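Number of protein chains: 2
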Amino acid sequence: MEQPPFAKPSVTVADVARAAGVSKATAARVLGGYGIVSDAVREKVLAAAKALDYRPNELARSMTTGRSGAIGVVVGDIENPFFSSAVRGITDVARAAGYTVILANSGEDIAAEKDAIRTLIAKRVDGLIVAPSRSREIDHLRDLQRSGRPLALLDRAIPELAVDTVTVDDREAAEAATRLLIEHGHRRLAYVTACDTPEHTYRDLADIHTASVRHRIEGFLSACEAARIPPAGRSVWLGANSRQETRRLAMERLKPPQPPTAVLASDSLIALEIFKVARELGLSIPDDLSLITFHDADWTSVTSPSVTVIDQPVHQLGTAVAELLVSRLKGYNGAARHMVFPTRLVARASVAIRNPPDTSI
Amino acid sequence: MEQPPFAKPSVTVADVARAAGVSKATAARVLGGYGIVSDAVREKVLAAAKALDYRPNELARSMTTGRSGAIGVVVGDIENPFFSSAVRGITDVARAAGYTVILANSGEDIAAEKDAIRTLIAKRVDGLIVAPSRSREIDHLRDLQRSGRPLALLDRAIPELAVDTVTVDDREAAEAATRLLIEHGHRRLAYVTACDTPEHTYRDLADIHTASVRHRIEGFLSACEAARIPPAGRSVWLGANSRQETRRLAMERLKPPQPPTAVLASDSLIALEIFKVARELGLSIPDDLSLITFHDADWTSVTSPSVTVIDQPVHQLGTAVAELLVSRLKGYNGAARHMVFPTRLVARASVAIRNPPDTSI
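Chains as they are written, first to last, in UniProt numbering: chain H, 1 to 361; chain F, 1 to 361.
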């Protein structure tokens with residue numbers, strides 16, 4: 001069957017003017033809410049608009065007001081439950097405030113992020129919420145800021161940019177989780193994260209250009225150092241950017257000669273892959289491998305064993321960052337605000353005591 | 001610290017004209033790619049545009065072309081992994097085709113859906129992808145269709161609307177899963193779904209106004225009837241619209257006197273809640289309760305027991321529906337297309353044999 005051929009043309013201001021028997025300029029004044037007209041004329045025009053089902057052309061209005069009524073949102077990957085939950089929070093707040101949300105994924109790739117932001121600016125979004133994939137390559141974000149469009153950062157701070165930011169206490173959270181593992185006697189620990197360096201190897205904090213990742217690694221290493229765990233016992237695995245990559249990393253490094261006895265995962269997708277690979281390798285969780293992950297994803301409470309998690313208030317991160325942006329759009333012009341939400345270590349069954357503590361390294 | 005006060009004004013056609021030493025009309029012709037100008041003038045204008053970092057105002061261009069370059073997408077809930085995965089597929093295709101995606105959640109509420117579509121039309125999106133929450137209340141979708149804007153439906157068909165649609169074989173999938181449960185000796189089965197009726201009770205297929213839900217219930221009931229399971233043994237639980245509601249339903253109906261011995265869940269969020277409640281009630285899966293769910297969500301393979309699922313090609317549903325819409329936006333004007341993707345029953349460990357088969361009803 002054919003698509004209906006009749007495309008009803010949009011009702012225009014001219015149509016309303018004709019139906020109301022007034023000039024187009026008068027109808028435009030009433031419908032646009034500016035200028036002076038008599039009550040009688042106003043009622044006549046509004047009645048005609050209603051009868052014709054007139055809908056204001058927001059594009060035309062945008063041209064006049066310079067506002068599009070849209071917020072651009074750039075996240076790593078909407079399929080990651082962390083981001084889908086945050087985006088739900090953002091859309092709820094945006095909708096209540098009368099804004100639509102234009103969504104883009106960066107895939108944690110800086111070129112894709114720049115491209116998305118360029119497109120969103122060309123669409124004349126009123127403001128942007130970005131989870132920046134790099135904290136060093138920020139010229140495009142500076143440009144954005146200079147353009148006068150409000151920008152707010154989700155989950156990852158960039159100190160050099162004085163913009164509204166919503167994050168969690170990444171450093172403290174990683175430190176507390178690592179300390180828990182150490183208190184259970186673990187001396188060979190790994191932190192696994194999606195970030196990467198050109199060499200795919202962790203050497204130094206200075207190589208890590210995503211703020212939240214750097215803070216978490218800092219927390220992890222700091223807890224290790226405080227417990228005098230030697231360098232060989234504290235490893236950072238970079239490059240867990242996809243299921244396939246995480247799987248490859250885990251398959252390679254959970255095997256002898258020196259697999260970690262405890263892993264801290266930076267998100268639930270990574271933890272799930274570690275969980276699966278451990279099972280395939282015949283490693284028992286928690287007896288052979290203890291596991292803690294950032295993000296209290298739904299499934300973490302129903303696995304056997306259930307997984308100890310760092311619970312982040314993800315939906316709230318989304319609503320908070322949207323509220324900060326909306327306040328700017330409504331004219332708030334004060335100093336940049338940085339909200340840091342606390343996390344909560346939820347102890348479940350995936351951490352076992354190493355008894356006696358591992359002394360092989 | 002203050003936000004930078006300098007808002008760099010956008011470079012306009014007039015700025016480019018001035019820098020190139022030509023009239024505004026000439027600059028507009030070159031930058032808009034219409035009309036005739038000499039090569040020398042064209043080069044002068046393009047050089048000035050480049051030097052000034054001129055970016056075409058897409059809103060202005062939209063006013064001329066009538067196109068916004070945006071696709072509106074209305075899903076039930078972006079937090080549901082089914083929709084986040086489909087939306088990822090949609091955004092990938094849209095981006096490759098040069099479109100942005102404006103995202104809205106209906107929460108499966110018809111008023112919210114109408115509201116979202118109204119907003120998206122006012123934003124002059126070029127086309128829409130909707131997962132309609134009702135297959136009866138469709139006046140707003142008819143209006144949309146009449147407006148000449150391409151519309152494509154995701155996951156839920158509406159036969160009365162001749163529009164491009166992408167679904168899965170819901171009826172066959174539900175029938176096959178139900179048959180598997182019956183073959184394992186189950187005689188007290190429940191189908192649990194997010195849809196609802198005003199009375200919150202299932203009486204008749206005619207009360208079910210979401211196409212995919214109706215097809216699945218049809219498949220479930222048809223398999224039950226073919227196996228001569230009496231009405232008391234085949235129940236349909238409506239209203240599992242949120243975690244809380246699903247929990248309430250499960251808490252109430254998984255208890256004596258007549259709990260089902262097998263449940264088919266319409267999505268992974270429902271299955272997860274059933275899983276949790278069963279555990280809380282001390283019901284062993286699969287010995288006391290067998291479970292199958294639509295959607296091969298990540299976690300279903302790592303629970304103990306792992307969960308038997310109906311695997312839907314969700315990301316592919318997203319890419320397919322976006323490709324159908326983009327083809328319309330590029331001028332394809334043929335008959336409405338209805339793509340039905342096959343599903344796959346993946347047998348895991350959550351279905352047990354009832355031996356002897358239950359004959360108490």
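We put the beta carbon where it would ideally sit given N, CA and C, even for glycine.
Only a predicted model underlies this, so the values are computations on that prediction, with no experimental measurement involved.
Where residue i meets chain F, residues with beta-carbon distance less than 9 Å
i      : result
P159/H : None at all; the shortest Cβ gap to chain F is about 10 Å.
G69/H  : T119, A122, K123
Run of the beta strand (DSSP E) containing residue i, from where it starts to where it stops
i             : result
D311/H        : 308 to 311
G219/F        : Element bounds for G219/F: not the beta strand (DSSP E) but the alpha helix (DSSP H), 211 to 226.
T12/F         : Careful: T12/F lies outside any beta strand (DSSP E) and carries neither H nor E.
residue 391/H : Given that chain H is displayed from residue 1 to residue 361, the structure contains no residue 391/H and the question cannot be resolved.
S290/H        : 290 to 294
A262/F        : 262 to 265
L189/H        : 189 to 192
T166/H        : Residue identity differs from the one stated: residue 166/H is Val in this sequence, not Thr. Residues 164 to 168.
G72/H         : 70 to 75
G334/H        : Segment: none, G334/H is in no beta strand (DSSP E) and carries neither H nor E.
Inter-residue CB distance, residue i and residue j (contact presumed, cutoff 8 Å)
i      : j      : result
S235/F : A262/F : Not confirmed; about 11 Å, so no contact.
T119/F : T100/H : 6 Å
V133/H : E108/H : It should be pointed out that residue 133/H corresponds to Ser in this sequence rather than to Val. Their Cβ separation, rounded to whole angstroms, is 5 Å, which keeps S133/H and E108/H in contact under 8 Å.
S84/F  : S84/H  : 4 Å
A271/H : A265/H : 4 Å
L154/H : A131/H : 4 Å
R247/F : L269/F : The pair is not a contact, with the Cβ atoms about 11 Å apart (cut-off 8 Å).
Closer than 7 Å to chain F by CB, residue i
i      : result
K123/H : yes
E79/H  : yes
A347/H : no
R88/H  : yes
V351/H : no
L153/H : no
E2/H   : The predicted position of E2/H is uncertain, since its pLDDT is 37 and thus under 50; a value taken from the coordinates is nonetheless stated next. Yes, because at least one Cβ of chain F sits closer than 7 Å to the Cβ of E2/H.
T91/H  : yes
Residue range of the unbroken alpha helix (DSSP H) whose run includes residue i
i      : result
D139/H : 139 to 146
I117/H : 110 to 122
S327/H : 314 to 329
V87/H  : 81 to 96
I270/F : 268 to 280
T246/H : 243 to 253
A40/H  : 39 to 51
C-beta contact flag for residue i and residue j at 7 Å
i      : j      : result
I310/F : A177/F : yes
G72/H  : I102/H : yes
H200/F : R354/F : no
P150/H : R328/H : yes
E252/H : S222/H : no
L52/F  : V93/F  : no
A352/F : P260/F : no
A336/H : V163/H : yes
V125/H : L317/H : no
A20/F  : A48/F  : yes
L249/F : W237/F : yes
T91/H  : N105/F : yes
I117/H : H140/H : yes
Closer than 7 Å to chain H by CB, residue i
i      : result
K8/F   : A caution first: K8/F carries a pLDDT of 46, below 50, which makes its placement in the model unreliable, though a value can still be read off. Answer yes: the Cβ-Cβ gap between K8/F and chain H drops below 7 Å somewhere.
N241/F : no
T119/F : yes
T293/F : no
N355/F : no
Per-residue contacts from residue i into chain H (C-beta, under 8 Å)
i      : result
L272/F : D298, W299, V302
Chain-ordered neighbours of residue i on chain H, where CB pairs are closer than 7 Å
i      : result
F275/F : V302
S85/F  : E79
Interface residues of chain F facing residue i [CB-CB closer than 7 Å]
i      : result
V101/H : I102, L103
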